[in-house]
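Trainee:
2 protein chains.
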Amino acid sequence: MKKVTINSVATYAGVSKKTVSRVLNNEPNVSPATREKVLKVFKELDYTPNPIARGLARNRSFIIGCLYDNPSKSYITRVQSGALEACHKHNYNLLIHPCELRGGALIANIENLLTTSRLDGLVLTPPFSDSVELIEFLKRKNVNYARVASAIEDDESISVRSNDEQGAFEITEHLIELGHSNIAFIKGHPDHSATEQRFSGYQRALSTHNIAFNNALVAEGNFSYHSGADSAKAILDITPRPSAVFASNDYMAAAVLKLATQRHLKVPEDISIAGFDNAPIARHIWPGLTTIAQPVEEMTRQAVELLINQIGGADVGVLQTTLEAKLITRESTAKP
Amino acid sequence: MKKVTINSVATYAGVSKKTVSRVLNNEPNVSPATREKVLKVFKELDYTPNPIARGLARNRSFIIGCLYDNPSKSYITRVQSGALEACHKHNYNLLIHPCELRGGALIANIENLLTTSRLDGLVLTPPFSDSVELIEFLKRKNVNYARVASAIEDDESISVRSNDEQGAFEITEHLIELGHSNIAFIKGHPDHSATEQRFSGYQRALSTHNIAFNNALVAEGNFSYHSGADSAKAILDITPRPSAVFASNDYMAAAVLKLATQRHLKVPEDISIAGFDNAPIARHIWPGLTTIAQPVEEMTRQAVELLINQIGGADVGVLQTTLEAKLITRESTAKP
DNA sequence: ATGAAATGTGACACCGGTGTCATAATGAGG
DNA sequence: CCTCATTATGACACCGGTGTCACATTTCAT
Numbered sequence: 001m002k003k004v005t006i007n008s009v010a011t012y013a014g015v016s017k018k019t020v021s022r023v024l025n026n027e028p029n030v031s032p033a034t035r036e037k038v039l040k041v042f043k044e045l046d047y048t049p050n051p052i053a054r055g056l057a058r059n060r061s062f063i064i065g066c067l068y069d070n071p072s073k074s075y076i077t078r079v080q081s082g083a084l085e086a087c088h089k090h091n092y093n094l095l096i097h098p099c100e101l102r103g104g105a106l107i108a109n110i111e112n113l114l115t116t117s118r119l120d121g122l123v124l125t126p127p128f129s130d131s132v133e134l135i136e137f138l139k140r141k142n143v144n145y146a147r148v149a150s151a152i153e154d155d156e157s158i159s160v161r162s163n164d165e166q167g168a169f170e171i172t173e174h175l176i177e178l179g180h181s182n183i184a185f186i187k188g189h190p191d192h193s194a195t196e197q198r199f200s201g202y203q204r205a206l207s208t209h210n211i212a213f214n215n216a217l218v219a220e221g222n223f224s225y226h227s228g229a230d231s232a233k234a235i236l237d238i239t240p241r242p243s244a245v246f247a248s249n250d251y252m253a254a255a256v257l258k259l260a261t262q263r264h265l266k267v268p269e270d271i272s273i274a275g276f277d278n279a280p281i282a283r284h285i286w287p288g289l290t291t292i293a294q295p296v297e298e299m300t301r302q303a304v305e306l307l308i309n310q311i312g313g314a315d316v317g318v319l320q321t322t323l324e325a326k327l328i329t330r331e332s333t334a335k336p
Numbered sequence: 001m002k003k004v005t006i007n008s009v010a011t012y013a014g015v016s017k018k019t020v021s022r023v024l025n026n027e028p029n030v031s032p033a034t035r036e037k038v039l040k041v042f043k044e045l046d047y048t049p050n051p052i053a054r055g056l057a058r059n060r061s062f063i064i065g066c067l068y069d070n071p072s073k074s075y076i077t078r079v080q081s082g083a084l085e086a087c088h089k090h091n092y093n094l095l096i097h098p099c100e101l102r103g104g105a106l107i108a109n110i111e112n113l114l115t116t117s118r119l120d121g122l123v124l125t126p127p128f129s130d131s132v133e134l135i136e137f138l139k140r141k142n143v144n145y146a147r148v149a150s151a152i153e154d155d156e157s158i159s160v161r162s163n164d165e166q167g168a169f170e171i172t173e174h175l176i177e178l179g180h181s182n183i184a185f186i187k188g189h190p191d192h193s194a195t196e197q198r199f200s201g202y203q204r205a206l207s208t209h210n211i212a213f214n215n216a217l218v219a220e221g222n223f224s225y226h227s228g229a230d231s232a233k234a235i236l237d238i239t240p241r242p243s244a245v246f247a248s249n250d251y252m253a254a255a256v257l258k259l260a261t262q263r264h265l266k267v268p269e270d271i272s273i274a275g276f277d278n279a280p281i282a283r284h285i286w287p288g289l290t291t292i293a294q295p296v297e298e299m300t301r302q303a304v305e306l307l308i309n310q311i312g313g314a315d316v317g318v319l320q321t322t323l324e325a326k327l328i329t330r331e332s333t334a335k336p
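Going down the list, the protein sequences come from chains A and B.
Going by UniProt numbering, the first sequence opens with residue 1, and the numbers climb by one from there.
Going by UniProt numbering, the second sequence opens with residue 1, and the numbers climb by one from there.
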């Protein structure tokens, strides 16, 4: 099968390349008759313009790259879903690129990515949105980027985050108001800024309600289900057993719930469990998890939309936004 | 900041574009001295080649597109993970494109995708891997593609599937051998060929063990958790209550488990539950789900690898492979 | 009818690389 | 020292579009 290019169309239709290009891009100043004629040839020859050539001429690829390194699959799915919504709205496409923050190869990896595929912009999700090294590199390379859920504030780039500290405060307060005071906490991955923020919200709630912070009640997780299972073991063995557990995300909370159930503890009668994120699993298990609904899709959608506007050369106005997190109470928390 | 192109490098280094290009691509016939010189200029000018220009010249984008329309998020995550592994191994990138099979806009949507971004190949996941309309279109457009978990056999294109019928047979047989005979079944999405195959395996197992098939025990799901919850209601209200439920995927099985637990039924003492896929949720809940481990990542990895070889012009040899599914027994199934 | 403005069209350079081929420089063998 | 093969290098066309600008044609007010 012979390739159909803009040249063949032009020859066949008896007009110049440029006129074909005009029809292709719906530019004005083409007579209706000519336009019709060219459009007919498009159909006849089954012509599809070459996006690469177009990209070269316009210096655009209409592709956004999404960087992630996140143990929580559902978080990534939600990120993708928000990013895709914004992309498709503007006729952009999304390229996904998981990679590792640690190991020293990050910059080389991203450099290779940019060499392999021309990307108009990059969405950085945690923990990349907090990587100063990466951000410096992108600035130097003049690559457009948007940060999702980043804690860095003194940066003039696009950033959409949610209020993790406040969310953690509220859910801890919810437990306290139910009557809990012996509340265990499971931390997230140390590379993620959300980890520190959620921890800090937990501590602030305790202190606000005059409950002494007890480091023995804190377990180190990393947002993965598996780490939650390990932390759960540690926590359920504490004497006296905490009457409530607040895990930094729903996966880890689900792991606590599973172990508690295995040990024939009744949730929430014997122990209350709270999570964070409002991941699907929070409502797929019984009892459903009390959690903080974090607007992951919406954050990403907004970030990508701003990014695309910026790429288009528009004046984006407000670059940095903070969305609210919301407490969702389900069956996993109750009075002790 | 001025753009650094191959021309600036050439001028600065005092050589021709072509020589720079040679160094860039590690081609032979460049004297060590010249190579050194050019490499030094790369560093000095912080040069990054333009992938689009390269793509235009070579007629390659080194991007694979992944099509999906699947209610199960974890399935998609696994597909992506397998596809990415193969892509990165060959220095390709992955662009994701969820879209709808139904609605009539599919072909236009894909046509637009191909117009927007030059893709070297497409991975079709269910239900697209069974869409004759789409496959015809891609053939006509001369687009390389690979099918994952497709039931179409009389096609000369790349296809990697797993044995769904056999998997469903085995898990049903497992229930029968435990002593169950009143086994309810929840179907998957009607657009997916796996749905028919799993149903067929269920029926074959019944018939092999001389158990009469009873259509009243069959509920219509669509692979989503939500549809599983609806089916669960219907099934748990059947009198006499089935002693076991086999759901066509783990999400729906999890929904059955949740409702059963809510109704204070003990699993597996009062009712056994089996799923399909070995999705993460199968081991994140208690009791863990007995299920069929489907090698989703591996299927996709192999499919993409074959696809990339084909794009590279290699003789791919065997185009169609079937991988085995494996029974995983956990706590959700037991004697009635 | 006439000149100015608006509209339609094409020639040509350009985007930033790669492929082909001719030619220059180097090295081995006699 | 010369010939011939080998290695190194560059000129130039080309990939398939878009941007600029010049020019031809039409429209419209005077």
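Glycine included, each C-beta is placed from N, C-alpha and C at the ideal position.
Using the C-alpha atoms, what's the distance from A:Ser-129 back to A:Leu-138?
Mentor: What you label residue 138 of chain A is simply residue 138 of the first sequence in a count that begins at 1. What you label residue 129 of chain A is simply residue 129 of the first sequence in a count that begins at 1. Between A:Leu-138 and A:Ser-129, the C-alpha separation is close to 12 Å.
Trainee: Among A:Pro-49, A:Asn-7 and A:Leu-45, which has the Cα closest to the Cα of A:Asn-25?
Mentor: The residue given as residue 25 of chain A occupies position 25 in the first sequence. Considering only alpha carbons, the answer is A:Pro-49.
Trainee: Residues of chain B with CB closer than 9 Å to the CB of residue 341 of chain A, please, in chain order.
Mentor: Absent from the model: residue 341 of chain A. The displayed extent of chain A is 1 to 336, so no value can be given.
Trainee: B:His-180 lies in the alpha helix (DSSP H); which residues open and close that run?
Mentor: Here residue 180 of chain B corresponds to residue number 180 of the second sequence, with the count starting at 1. Per DSSP, B:His-180 belongs to no alpha helix (DSSP H) and is neither H nor E.
Trainee: Got a sec? Which residues, its chain only, sit under 6 Å from B:Glu-220 by beta carbon, not counting five neighbours each side?
Mentor: Position 220 of the second sequence, counted from the start, is the residue given in the question as residue 220 of chain B. These residues qualify, in order along the chain: Lys-187.
Trainee: Could you spell out where the beta strand (DSSP E) holding B:Val-160 opens and where it closes?
Mentor: To locate residue 160 of chain B, count along the second sequence from 1; it is residue 160. Note, B:Val-160: beta strand (DSSP E), 158-162.
Trainee: Quick one: is B:Asp-120 buried, meaning 16 or more other Cβ sit within 10 Å of its Cβ, or exposed?
Mentor: For this step, residue 120 of chain B is matched to residue 120 along the second sequence. Buried: at least 16 other Cβ atoms inside 10 Å.
Trainee: Going residue by residue through the stretch 255-317 of chain A, where are the continuous alpha helix (DSSP H) segments of at least 4 residues, counting only ones entirely within it?
Mentor: Here the runs fully enclosed are 281-284 and 296-311.
Trainee: Is any beta-carbon of chain A found at less than 9 Å from that of B:His-174?
Mentor: One-based indexing of the second sequence puts residue 174 of chain B at position 174. So no, B:His-174 is outside the interface.
Trainee: CB-CB under 8 Å to A:Ala-234, same chain, minus the five flanking residues each way: which ones, in chain order?
Mentor: As a working note, residue 234 of chain A is residue 234 in the first sequence. So the list reads Ala-219, once near-sequence residues are dropped.
Trainee: Quick check on B:Arg-102 - is its C-beta less than 9 Å from some C-beta in chain A?
Mentor: The count along the second sequence starts at 1 and reaches residue 102 of chain B at position 102. By this cut-off, B:Arg-102 is not an interface position.
Trainee: Taking A:Gly-82 as the query, report the chain B residues whose CB atoms sit under 8 Å from its CB, ordered along the chain.
Mentor: Position 82 of the first sequence, counted from the start, is the residue given in the question as residue 82 of chain A. Residues of chain B passing the Cβ test: none, with the nearest at roughly 12 Å.
Trainee: Report the rounded CA-to-CA distance for A:His-180 versus B:Asn-215, giving the unit in angstroms.
Mentor: The residue labelled residue 180 of chain A in the question sits at position 180 within the first sequence. The residue labelled residue 215 of chain B in the question sits at position 215 within the second sequence. Each residue's Cα considered, the two are about 50 Å apart.
Trainee: Tell me the residue span of the beta strand (DSSP E) that contains A:Phe-246.
Mentor: Reading the first sequence from its first residue, position 246 is the one you call residue 246 of chain A. Counting along the chain, the beta strand (DSSP E) containing A:Phe-246 begins and ends at 244-247.
Trainee: For A:Ile-47, does the three-state DSSP call read helix, strand or coil?
Mentor: Position 47 of the first sequence, counted from the first residue, corresponds to residue 47 of chain A. Here residue 47 of chain A is Tyr; the residue named in the question, Ile, does not match the sequence. Coil.
Trainee: Could you give the C-beta distance for A:Val-123 and A:Val-304, rounded to a whole number, given that I count them as a contact under 8 Å?
Mentor: Here the question's residue 123 of chain A lines up with position 123 in the first sequence. Here the question's residue 304 of chain A lines up with position 304 in the first sequence. Rounded, the Cβ-Cβ distance is 6 Å, consistent with contact.
Trainee: Between which residues of its own chain and B:Gln-166 is the CB-CB distance below 6 Å, once the five residues before and five after are set aside?
Mentor: Within the second sequence, residue 166 of chain B is the residue found at index 166, counting from 1. No residues qualify anywhere along the chain.
Trainee: Please list, in chain order, all residues of the same chain as B:Ile-285 whose beta carbon is under 7 Å from its beta carbon, the five residues on each side excluded.
Mentor: Here residue 285 of chain B refers to the residue found at position 285 when the second sequence is read from its first residue. Excluding sequence neighbours, B:Ile-285 sits near Ala-254 and Leu-257.
Trainee: By Cβ distance below 6 Å, which residues in the same chain neighbour B:Ala-325 in space, the five residues on each side in sequence not counted?
Mentor: Position 325 of the second sequence, counted from the start, is the residue given in the question as residue 325 of chain B. Excluding sequence neighbours, B:Ala-325 sits near Ser-162, Asn-163, Gly-167, Ile-292 and Gln-294.
Trainee: Short of 6 Å in beta carbon distance, which residues of its chain neighbour A:Gly-317, apart from the five on each side in sequence? Order them along the chain.
Mentor: Locating residue 317 of chain A in the first sequence gives position 317, counting from the first residue. No residues qualify anywhere along the chain.
Trainee: Measuring CA to CA, which of B:Leu-39, B:Ser-159, B:Thr-172 and B:Asn-112 is closest to B:Phe-213?
Mentor: Here residue 213 of chain B refers to the residue found at position 213 when the second sequence is read from its first residue. It is B:Thr-172 whose Cα lies nearest to the Cα of B:Phe-213.
Trainee: Taking Cβ positions, are B:Ile-158 and B:Arg-140 nearer each other than 9 Å?
Mentor: Here the question's residue 158 of chain B lines up with position 158 in the second sequence. Here the question's residue 140 of chain B lines up with position 140 in the second sequence. Contact: no.
Trainee: Using a threshold of 8 Å, is the CB atom of A:Thr-5 nearer than that to any non-hydrogen atom of the ligand GTP?
Mentor: Ligands displayed in this structure: none; no statement on the ligand GTP is therefore possible.
Trainee: With 9 Å as the C-beta to C-beta threshold (strictly closer), list the residues of the stretch 271-302 of chain A near chain B in chain order.
Mentor: Those would be Pro-280, Ile-281, Arg-283, His-284, Ile-285, Trp-286, Pro-287 and Gly-288, in chain order.
Trainee: Exposed or buried, B:Lys-18, counting other C-beta atoms within 10 Å across all chains shown (16 or more means buried)?
Mentor: Numbered from 1 along the second sequence, position 18 holds the residue referred to as residue 18 of chain B. That one is exposed.
Trainee: Which residue's Cα is closest to the Cα of B:Pro-240: B:Leu-259, B:Leu-217, B:Phe-246 and B:Asn-222?
Mentor: For the purposes of this step, residue 240 of chain B is identified with residue 240 of the second sequence, where counting begins at 1. Comparing Cα-Cα distances from B:Pro-240 to each of B:Leu-259, B:Leu-217, B:Phe-246 and B:Asn-222, the minimum goes to B:Leu-217.
Trainee: Span of the beta strand (DSSP E) holding B:Glu-220?
Mentor: For the purposes of this step, residue 220 of chain B is taken as residue 220 along the second sequence, with counting starting at 1. Segment 218-220, the beta strand (DSSP E) holding B:Glu-220.
Trainee: Considering only residues of the same chain and omitting the five flanking positions on each side of A:His-90, which have a CB-CB separation below 7 Å?
Mentor: Position 90 of the first sequence, counted from the start, is the residue given in the question as residue 90 of chain A. Excluding positions up to five away in sequence, the list reads Ile-308.
Trainee: Between the alpha carbons of A:Ser-200 and A:Ile-76, how many angstroms are there, rounded?
Mentor: Start at 1 with the first residue of the first sequence, and residue 200 of chain A comes out as number 200. Start at 1 with the first residue of the first sequence, and residue 76 of chain A comes out as number 76. Roughly 24 Å separates the two Cα atoms.
Trainee: Does DSSP classify B:Phe-128 as helix, strand or coil?
Mentor: Residue mapping note: residue 128 of chain B aligns to position 128 of the second sequence, counting from 1. Here B:Phe-128 sits in helix by DSSP.
Trainee: Taking the Cβ atom as the reference point for each residue, do A:Ile-52 and B:Gly-55 lie within a distance shorter than 9 Å?
Mentor: Taking the first residue of the first sequence as position 1, residue 52 of chain A is located at position 52. Taking the first residue of the second sequence as position 1, residue 55 of chain B is located at position 55. Yes, Cβ-Cβ distance for A:Ile-52 and B:Gly-55 is below 9 Å.
Trainee: Check this for me: beta carbons of A:Leu-94 and A:Glu-100, under 9 Å apart or not?
Mentor: Here residue 94 of chain A is taken as the residue at index 94 of the first sequence, counted from 1. Here residue 100 of chain A is taken as the residue at index 100 of the first sequence, counted from 1. Taking 9 Å as the Cβ cut-off, A:Leu-94 and A:Glu-100 do not qualify as a contacting pair.
Trainee: For A:Ala-247, which option in A:Asn-210, A:Thr-116, A:Phe-276 and A:Pro-127 has the closest C-alpha, if you only look at C-alpha atoms?
Mentor: For this step, residue 247 of chain A is matched to residue 247 along the first sequence. That would be A:Phe-276, whose Cα lies nearest to the Cα of A:Ala-247.
Trainee: Identify the contact partners of B:Ala-53 in chain A, using a Cβ-Cβ distance below 7 Å as the criterion.
Mentor: One-based indexing of the second sequence puts residue 53 of chain B at position 53. Chain A residues near B:Ala-53: Leu-56.
Trainee: Rounding to the nearest angstrom, what Cα-Cα distance links residue 337 of chain A and B:Val-4 in this structure?
Mentor: The structure shown does not extend to residue 337 of chain A, since chain A is modelled only from 1 through 336, so no value can be given for it.
Trainee: Who does B:Arg-147 pair with in a DSSP beta bridge?
Mentor: Here the question's residue 147 of chain B lines up with position 147 in the second sequence. Looking at the DSSP assignment, B:Arg-147 forms a beta bridge with B:Leu-124 and B:Ser-159.
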